[in-house]
Structures are given as structure tokens and as C-alpha cells.
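For the sequence shown, our numbering gives the first residue as 10, with consecutive numbering after it.
Presented below is the structure to which this report refers.
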Amino acid sequence: MSSRTRQPTPAPETETLSGGFPAIRMRRNRKASWSRRLVAEHQLSPADLIWPMFVVDGAAHRTPVASMPGVERLSVDLIVEAAKHAVDLGIPAIALFPFTDPKKRSEDAAEAFNPDNLVCRATRAIKAQNLDLGVILDVALDPYTSHGHDGLLVGDEIVNDETNAALVKQALVQAEAGADVLAPSDMMDGRIGVIRSALEGNGFKNTQIMSYAAKYASAFYGPFRDAVGSSGLLKGDKRTYQMNPANTEEALREVAIDLDEGADMVMVKPGMPYLDVVRRVSETFGVPTFAYQVSGEYAMLAAAFEKGWLDPDKTMLESLLAFKRAGASGVLTYFAPKAARLLAD
Numbered sequence: 010m011s012s013r014t015r016q017p018t019p020a021p022e023t024e025t026l027s028g029g030f031p032a033i034r035m036r037r038n039r040k041a042s043w044s045r046r047l048v049a050e051h052q053l054s055p056a057d058l059i060w061p062m063f064v065v066d067g068a069a070h071r072t073p074v075a076s077m078p079g080v081e082r083l084s085v086d087l088i089v090e091a092a093k094h095a096v097d098l099g100i101p102a103i104a105l106f107p108f109t110d111p112k113k114r115s116e117d118a119a120e121a122f123n124p125d126n127l128v129c130r131a132t133r134a135i136k137a138q139n140l141d142l143g144v145i146l147d148v149a150l151d152p153y154t155s156h157g158h159d160g161l162l163v164g165d166e167i168v169n170d171e172t173n174a175a176l177v178k179q180a181l182v183q184a185e186a187g188a189d190v191l192a193p194s195d196m197m198d199g200r201i202g203v204i205r206s207a208l209e210g211n212g213f214k215n216t217q218i219m220s221y222a223a224k225y226a227s228a229f230y231g232p233f234r235d236a237v238g239s240s241g242l243l244k245g246d247k248r249t250y251q252m253n254p255a256n257t258e259e260a261l262r263e264v265a266i267d268l269d270e271g272a273d274m275v276m277v278k279p280g281m282p283y284l285d286v287v288r289r290v291s292e293t294f295g296v297p298t299f300a301y302q303v304s305g306e307y308a309m310l311a312a313a314f315e316k317g318w319l320d321p322d323k324t325m326l327e328s329l330l331a332f333k334r335a336g337a338s339g340v341l342t343y344f345a346p347k348a349a350r351l352l353a354d
């Protein structure tokens, strides 16, 4: 053998450990950016995002929500511009919530049935633009009641069946305004069935229902109540109709009932503290399952960003990817426009 012939290097005497090391090295697939992208199990894109917006009276008017840094209430004309921006960013849908003039709040939530209320006007204005964008409207009475509850209050009780009748009136007004998706968030028993029946009976057979099927009585909703102007109005709490945070089996029952009554999609709310529920719902039913990264989750992250304690872009995207990993089809998030821009880049 020629002295110039290279001799093979003997393999190092490395003990084979659990997992097959060194034959198996998990870090090989992580070494390069292209490889990490190639083997990624879950992807986040602008198409996974729904942008919640708050509508306020006026023209060319915007007011900041103090407890949600970076979030503003927008007048209808500015909502239309934001809707166009959503399309440009590749966001497929927006969700509208009203800041109702306190003078228009009442015990019977009559403003909810007004075909010229804020969300109905905003919906018609958006639809007039012929945008490729879904408009989701919340079906619940809390933005319109003088007591801040999602249903009608009789004595100390939020009454179920009477509230359902009111929700049907609200749903039909919203469908008539052009809403693509109605999102009942009230947690009354049987409301999906009566809303679906009313939609079918009034020619809105293609209007989708995204049910807040597993909505918990959570402490994470505070900033949202500031945004819609109901935080100082709430009498008592919502635990008699929203779910106990201790329960997950109950969430599965709620989802099953709502699907049976005609829901097209379901939602878990809040989001990150309930990722286990998102996973169970997604795996159990195999239907479009959404999560709401609620105002309290947003406010916590935004406060940490302002303090410089967390990296804003990386933390935001990581938090959203967690929903996809848990099985969510999409996420309602106030970070939607910023996240969409980052994902596009």
C-alpha cells in the first residue's frame, strides 16, 4: 500500500446511549436555517390571524385603549381603512366590537337590535368596498346593557331563554348588515340552535356561526371591558353562565352541543392559559377550532415589551405559534397586523 494512501480514521469509542447517540443526533436537523424550516411541524402565516377591532362614534376619530398599549378605538371611516390594510397584509377576517355611548345602554340592550348601530354601520361600510375579507360580529348583549352582562338581568339572575330571544333579534340585524360570521359569546344554553334556526328561516342560510363554545369566567378580560366601556358597569360576576376555569370535560360537552345545534366553527377563550382545552377540542372533534388571545394576555405581553423585559417580535410570534401547535385553526389576536407584517418579511 502506498504511503500516500490515506488510512481511514477509526471511529471514536463512544458509548451508545439512550436514543442511539451518536448515530442519532437530533441537532443535525437544527443546524441550518433552511433545514429548520424544512422540518418544521407547524407553520404560522397571516392566514391564521383574525384581527379584533373596536368601533367608536365619530369621523376620523381614534382613541387609545389605556390598558392595551397600541390598540385604539376607531370611527367607522377609519375601520374601513383598517379593513383595507388587513387585506393588504393577508389577514382573512376581522372581528368588530362596539364602544357604545353610555346613553344608549339600557336594561333591555335595545341598541343591540338597532340596524344602524356601530357594528352594523361599520359592516355595511366595509362590505361596500367589496373586499376579500370576512367580517365577524359578536353576538352578546354586554356592549349594550346598562349592567354590563351578556344577557338580560331579572332580579339577580341572568335569564337564559329571554336572553336567547334577544340574541336572535341581534343576530338577524347583524346578518342583514352583511356580517359573514356571527360569533355568539354569551354562553346561554341553546342559543346556537335558535340563532341557526332564525338564520335559516330568514334567508341567511350561508351565514356562518363561530361559537364561543368554551368561554371561561376568566380574570383575563379586564382590558377588553375597558375597550368597550363596560368595566365600571358590571354588577356581580359572570360565573353563572361562563365556564369554571377548573373544567375541561365540560368544555367538550359544550362544544359537542354547539356543533349539534349548527355551529360551523368553535372557539376557546381565553387562549394561552387554556391551550390544553384547545388541544382536546381540536383532537376530539376535528372541526375548525379557534382561540382568542384575549386582552389580558395582550396587555401582559405589551407591558413586558414596554419595560424591555421581553423581545417584542420574537415573543409575540412564539406566543401565536403556540396556538397552532395546540391545534388551533386560527387565532384572534390584537397583534394581528404587526404579526402579519413580520411573517410577510
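Here a beta-carbon is modelled for each residue, glycine too, at the ideal position from N, C-alpha and C.
- With DSSP as the reference, label P152 as helix, strand or coil. coil
- Message: Quick check: the region 257-273 against the region 198-217, are at least 3 beta-carbon pairs closer than 8 Å?
- Response: yes
- Query: Near F299, what residues of its chain come up, given a Cβ to Cβ distance below 8 Å and the 5 sequence neighbours on each side ignored?
  - Reply: I59, M219, M274, V275, M276, V277, A337, S338, G339, V340, L341
- Would the region 145-161 and the region 98-107 be scored as touching if the rule is three or more Cβ pairs under 8 Å? yes
- Query: M325 by DSSP, collapsed to three states: which one?
  - Reply: helix
- Item | the region 252-266 contacting the region 167-186, beta-carbon criterion three pairs below 8 Å | no
- Buried or exposed (CB count within 10 angstroms, at least 16 for buried), D159: buried
- Which of helix, strand or coil DSSP assigns to K278: strand
- What does P297 pair with, by DSSP beta-bridge criteria? Per DSSP, none; premise fails for P297.
- Would you kindly report the start and end of the unbroken beta strand (DSSP E) that includes R71? 71-73
- Query: Which residues mark the beginning and the end of the alpha helix (DSSP H) in which Q138 is found?
  - Reply: Note, Q138: premise wrong, no alpha helix (DSSP H); not H, not E.
- Item | Residues bridged to L83 (per DSSP) | V64, R71
- P346 burial status per 10 Å Cβ neighbour count (16 or more: buried): buried
- Using 8 Å as the threshold, is the region 115-129 in touch with the region 63-70, meaning 3 or more CB pairs across them? yes
- Message: Quick check on Y250: does DSSP put it in helix, strand or coil?
- Response: coil
- Query: Which residues in the same chain have their Cβ closer than 7 Å to the Cβ of K224, if we skip the five residues on either side of it in sequence?
  - Reply: S194, M196, Q251, M252, K278
- Query: Can you give the Cα-Cα distance for L351 and D322, rounded to whole angstroms?
  - Reply: 8 Å
- Query: Can you tell which of S76, P254, A265 has its C-alpha closest to the C-alpha of E306?
  - Reply: S76
- On the three-state DSSP scale, how would you describe F106? strand
- Message: On the CB-based measure, 16 or more other CB atoms within 10 Å of its CB, does H156 come out buried or exposed?
- Response: buried
- Query: Is the region 129-138 touching the region 175-189 in the sense that three or more CB pairs, one from each, lie closer than 8 Å?
  - Reply: yes
- Can you tell me whether DSSP reads G336 as helix, strand or coil? coil
- Going by DSSP, which residues form a beta bridge with D147? A192
- Task: Please work out which residues of its chain come closer than 6 Å, Cβ to Cβ, to A222, disregarding the five sequence neighbours upstream and downstream, and give them in chain order.
- Result: E263, V264, D267, V275
- Where in the region 152-183 do unbroken runs of the beta strand (DSSP E), each at least 3 residues long, occur, reported from the N-terminal end onward? 161-163, 166-168
- Task: Determine, using beta-carbon pairs with one atom in the region 327-337 and one in the region 47-58, whether at least three such pairs fall under 8 Å.
- Result: yes
- Query: What is the DSSP secondary structure of S115, counted as helix, strand or coil?
  - Reply: strand
- Identity of the residue in R45, N256, Y283, G238 nearest V74 by Cα: G238
- Task: Quick one: grab the DSSP three-state call for A353.
- Result: helix
- Starting from I100 and walking both ways along the beta strand (DSSP E), at which residues does that stretch end? No beta strand (DSSP E) contains I100, which DSSP labels as neither H nor E.
- Task: Figure out for me which residue from V286, K247, A92, G231 has the closest Cα to the Cα of G241.
- Result: G231
- Message: Please return the same chain residues whose Cβ sits closer than 8 Å to the Cβ of T216, not counting the five positions on each side in sequence.
- Response: A184, A188, D189, V190, L191, L208
- Message: Judging by CA-CA distance, which residue of D141, D110, A335 is the nearest neighbour of V286?
- Response: A335
- Candidates L176, I88, D86, of which the one nearest D117 by Cα: L176
- Can you tell which of E120, G164, T132, L47 has the C-alpha that lies nearest to the C-alpha of D151? E120
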